[in-house]
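Per our numbering, the very first residue in the sequence shown carries number 3; after that it's consecutive. Shown next, in structure tokens, is the structure this report addresses.
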Amino acid sequence: MNMLSRDRALLAAVLAVAAYVAPQPAGAQRGERSGKEVVESVCASCHAAGAQGAPKIGDRKAWSKRAAQGLTGLTQHALQGIRKMPAHGGSPDLSDLEIARAVAHMVNRSGGRWVEPASLRDLAAERSGAQVVKAQCAKCHQEGVGGAPRIGDRSAWTPRLKDGLDNAVRIAIRGHGGMPARGGEADLTDAEVRSAVLYMINPGVPRKGAPATAAPAGPLSRTVGGIHLHLGFVPAETLRAFPEDSAERAMHGGVPSGAGYYHVNVSLFDAATKAQIGDAKVDVRVELPGMSSESKALEPVVINNAPSYGSYVRLREKSSYLITVRVQKPDSPRPVEARFEYRSF
């Protein structure tokens, strides 16, 4: 077998089973520090006293203008450096997530009410309805703020269920009246929103997650809602090495130019029959917690008669991502979702 044939065989296996590039195991990564820990060990050297023009922790006026830029904007400043502040606050070993946490901590110490970004491990685990309600929904639904139906008030919830539970969940996902989409928590999955709605209707009954609850089966594999999902990433440079007339080079309109591109691929199998699934609608959300989020509809891909779904995404070097895969089968009333941790290299 020549070099190109060998590479083609390897890539075909990747696109069929989506296991070409494995992330670093979560246990191999050092523990992410809290915002308080990062501020005390790094940021306080300037921000505690307002040295060199740095906004002083606790100075509401100084931080209010900066807080208006949002967590993403402020974190970008800290990552890239601004004025007299060096990139990464002068500590290159800090992860993006740790910097975002430190920013949120300083804003909160100065009058803000931001939510400090959770760890990837926390985000990857599906939250129960009670957890979601306690963390977010209760802010309005506990006391009925702005006409929100109170938790456990069946008389208030009954009219909202006249068109069925699924419709009530869709309204919560899209937002309605004074309630923002997903209750203002953009990282909530559809399954988590559903669990939260069920809990608020009847908090006295223990609720299992939605049928789409994923059970971990490996770093890049999940079994969820009767479907085996396999996720994989292939650097664009690998695909550029194939002949110009090859299927690998031609898919999705061609390999994009520029650095940092990866081909994301999802393969689906029926959990009972092991048959490959080629007629689903598949979307993927690639999230750098506290920084950015991108959603894409994946296109059908067939390599060596093996159906799968793929597209190109751009990832930052050596960054930890949360990947959410959403699958809608034509014969299923609801989509299923699975979450994965992935670290680019």
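Note that CB positions come from ideal geometry on N, CA and C, so glycine has one too. Note that the coordinates shown come from a computational prediction; the quantities given were computed from them, not determined experimentally.
Burial state of Lys164 is exposed, judged by a 10 Å Cβ sphere holding fewer than 16 other Cβ atoms. Sequence-distant partners of Gly228 (beyond 5 residues in either direction) whose C-beta falls short of 6 Å from its own C-beta, in its chain, are Ala273. The beta carbons of Leu300 and Asp285 sit about 7 Å from each other, so the pair counts as a contact at 8 Å.
Per DSSP, the continuous beta strand (DSSP E) segment holding Val315 begins and ends at 308 to 316. Closest option to Lys298, judged by alpha-carbon separation, among Glu289, Ala104, Ile305: Glu289. Linking Asn204 to Lys141 through their CA atoms gives a straight-line distance of about 17 Å. As a beta-bridge residue in DSSP terms, Asp272 pairs with Ile229. DSSP lists Tyr344 as the beta-bridge partner residues of Tyr323. Taking 8 Å as the upper bound for CB-CB distance, Ala102 and Met253 are not in contact here, some 34 Å apart. Gly177 is positioned such that its CB atom lies closer than 7 Å to that of Ala183. Non-local C-beta neighbours of Ala340 in its own chain, meaning closer than 7 Å and more than five positions away in sequence, comprise Ala216, Arg224, Val226, Leu231, Val327, ordered along the chain. In the structure shown, Asp333 adopts coil according to DSSP, grouped into three states.
Rounded to whole angstroms, the separation of the alpha carbons of Arg287 and Ala277 is 25 Å. Between the C-alpha atoms of Gly260 and Lys136 there is a straight-line separation of about 44 Å.
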